[in-house]
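S.K.: Residues are numbered in the working numbering as their position in the sequence shown, beginning at 1, plus a constant of 56.
Before we start, here is the structure in question, set down as structure tokens.
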Amino acid sequence: MDKRKLGLIPVFIAIAIVFALLSLDDITFENSEIQPTISTQSNNDSIGLVINSPSSSVTLNQLDEIFTDASSSGIGRSNVYLYWNIIEPVEGKFDWSQSDILMGLNQKNDHKVTLYFSVINGETLGPFPKWIGKPTLNGINQDELVTVLDAILSRYHIIDSVIIAGETESQFRFNERFIPVYQELFSNVYDRIKEKHPDVKIGNSFALHQVLNKNLKNIVDDLALGDFVAFSYAPTDSLNEISKNADESIEDLNQIFEMIPNKKIGLFEISWSTSDFVEGDDVSQKIFVEKLFDFYAQNESKIEFMTWYRYIDQEANSCVKEEQKIGDQTITLGGGS
């Protein structure tokens with residue numbers, strides 16, 4: 057069994073985490089006994105959730121309710137994961153049918169969006185449309201990449217941050233000779249996108265637990281490009297088992313600022329599994345979340361966004377991470393590291 061597949065988020069449970077830890081009226085992070093209150097105050101667009109539904113088939117009305125419930129918790133942000141092969145299946149012809157649903161629901165609930173557009177996805181590239189094929193890193197056409205990103209950003213103005221490489225350290229762990237290739241690709245795409253969308257921030261994401269477990273800080277140093285540097289995090293060892301307590305995990309997060317002293321950082325996907333299969337439980341997760349918000353309060357000026365990914369673990373196939381159906385249409389919702 058692949059331990060990495062544990063930890064999907066049914067959003068009707070996930071929203072409780074923000075209710076319990078964020079006071080929408082008066083956020084007092086210094087006090088360990090935070091008393092939640094519900095008000096009409098504007099949501100915090102720096103705090104987000106990855107929103108998934110608890111079943112593989114969902115109506116548009118149900119999905120609408122899921123997003124409304126998530127928004128009522130006080131979040132003001134969510135991640136949206138888009139893939140080139142879905143957005144532009146035919147060269148120059150964009151298919152917005154899936155992304156319009158997700159972006160529309162986020163816009164309806166006044167969410168800002170962190171877009172993950174998968175150019176690098178850990179050890180793999182893409183997925184790319186068939187008309188592009190399976191290029192190597194130095195075979196990715198900059199013009200085509202700029203065109204599709206420009207089309208997305210021109211259509212969806214709620215996107216304020218873009219990540220085009222996730223778990224970037226895994227791509228270059230055994231391929232450091234390609235780091236200059238990606239540096240050039242990123243810099244050229246960054247410059248051209250910023251000309252058209254100057255307010256959109258662009259960066260790369262790294263899996264902090266892998267960077268620390270495998271001593272890959274040098275890759276972060278080389279690829280800390282753009283406006284911010286994002287990190288996913290789970291308190292796991294190289295076998296994907298929870299191996300740290302909450303205090304040790306916060307120490308891990310503090311190491312980010314040693315690696316990235318001069319830029320804002322993003323916490324792209326933060327998680328703590330409750331599954332005993334990976335040595336997790338509810339109590340340790342609760343302690344971690346409380347300390348996480350203390351960490352956020354102490355470092356808010358340095359953090360671009362913080363998005364929670366994993367709240368509760370369910371049995372395999374009991375909730376869905378990647379593909380969900382609305383009527384006859386299958387859409388992609390979630391992500392994860």
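We put the beta carbon where it would ideally sit given N, CA and C, even for glycine.
Computed from a predicted model, the values in this text were never measured in an experiment.
(1) Just checking my contact of ILE219 with THR170 at CB under 8 Å: how many whole Å lie between their CB atoms?
(2) Which one of GLU232, GLU297, GLU223 and LEU295 has the shortest CA to CA distance from ALA286?
(3) Would GLU307 be called buried (16 or more neighbouring beta carbons within 10 Å of its own) or exposed?
(4) Using the C-alpha atoms, what's the distance from ILE298 back to PHE344?
(5) Can you find at least 3 beta carbon pairs, one from the region 189-203 and one from the region 232-245, that sit closer than 8 Å?
(6) Contact between the region 157-173 and the region 225-232: three or more CB pairs below 8 Å?
(7) Helix, strand or coil: how does DSSP classify ASN100 here?
(8) Tell me which same chain residues have a C-beta within less than 7 Å of the C-beta of ILE258, skipping the five on either side of it?
(9) Rounded to the nearest angstrom, how far is the Cβ of GLU325 from that of TYR352, given a contact under 8 Å?
(10) Could I get the ranges of all uninterrupted alpha helix (DSSP H) runs contained in the region 260-327, with 4 residues as the minimum, in chain order?
(11) Suppose the cutoff is 6 Å on Cβ atoms and the five residues either side in sequence are ignored; what does the same chain contact list for TRP152 look like?
(12) Bridge partners of THR170, per DSSP?
(13) From ASN99 to ASP216, what distance separates their C-alpha atoms?
(14) Please work out which residues of its chain come closer than 6 Å, Cβ to Cβ, to LEU161, disregarding the five sequence neighbours upstream and downstream, and give them in chain order.
(15) For the region 105-167, which segments carrying the beta strand (DSSP E) assignment without a break, of at least 3 residues, lie completely within its bounds, in sequence order?
(16) Just the C-alpha distance for ASP338 and ASN231, rounded to the nearest angstrom, thanks.
(17) Quick check on SER79: does DSSP put it in helix, strand or coil?
(18) PHE262 and ILE103 - do their beta-carbons sit closer together than 9 Å?
(19) Determine the contact status of PRO185 and PRO145, defining contact as a CB-CB distance below 9 Å.
M.R.: Reading it off the structure:
(1) Here the question's residue 219 lines up with position 163 in the sequence shown. Here the question's residue 170 lines up with position 114 in the sequence shown. The Cβ separation is near 7 Å, so the contact holds.
(2) If you number the sequence shown from 1, residue 286 lands on position 230. Minimum Cα distance to ALA286 is reached at GLU223.
(3) Within the sequence shown, the letter at position 251 stands for residue 307. GLU307 comes out exposed.
(4) The sequence position of residue 344 within the sequence shown is 288, counting from 1. The sequence position of residue 298 within the sequence shown is 242, counting from 1. Their backbone Cα atoms lie some 12 Å apart in a straight line.
(5) yes
(6) no
(7) Your numbering for residue 100 matches position 44 in the sequence shown. Of the three classes helix, strand and coil, the one that applies to ASN100 here is strand, per DSSP.
(8) Looking up residue 258 in the sequence shown gives position 202. The residues are VAL218, TYR246, ILE249, GLY282 and ASP283.
(9) Sequence index remark: in the sequence shown, residue 325 carries index 269 (1-based). Sequence index remark: in the sequence shown, residue 352 carries index 296 (1-based). GLU325 to TYR352, Cβ: 15 Å. No contact.
(10) 264-269, 273-278 and 302-315
(11) Reading the sequence shown from its first residue, position 96 is the one you call residue 152. For TRP152, where only same-chain residues beyond five positions count, there are no Cβ hits under 6 Å.
(12) Within the sequence shown, the letter at position 114 stands for residue 170. ASN135 and SER217.
(13) Here residue 99 is taken as the residue at index 43 of the sequence shown, counted from 1. Here residue 216 is taken as the residue at index 160 of the sequence shown, counted from 1. Each residue's Cα considered, the two are about 16 Å apart.
(14) Position 105 of the sequence shown holds residue 161. Answer for LEU161: PHE123, listed in chain order.
(15) 131-138
(16) What you label residue 338 is simply residue 282 of the sequence shown in a count that begins at 1. What you label residue 231 is simply residue 175 of the sequence shown in a count that begins at 1. If you take the alpha carbons of ASP338 and ASN231, they lie about 39 Å apart.
(17) Taking the sequence shown and counting its residues from 1, the one referred to as residue 79 is at position 23. Any answer about SER79 is weak, because its pLDDT of 31 lies below 50 and its placement is not dependable; what the coordinates show is given next. Here SER79 sits in coil by DSSP.
(18) As a position in the sequence shown, residue 103 is number 47, starting the count at 1. As a position in the sequence shown, residue 262 is number 206, starting the count at 1. Going by C-beta atoms, ILE103 is not nearer than 9 Å to PHE262.
(19) Start at 1 with the first residue of the sequence shown, and residue 185 comes out as number 129. Start at 1 with the first residue of the sequence shown, and residue 145 comes out as number 89. Closer than 9 Å, so yes.
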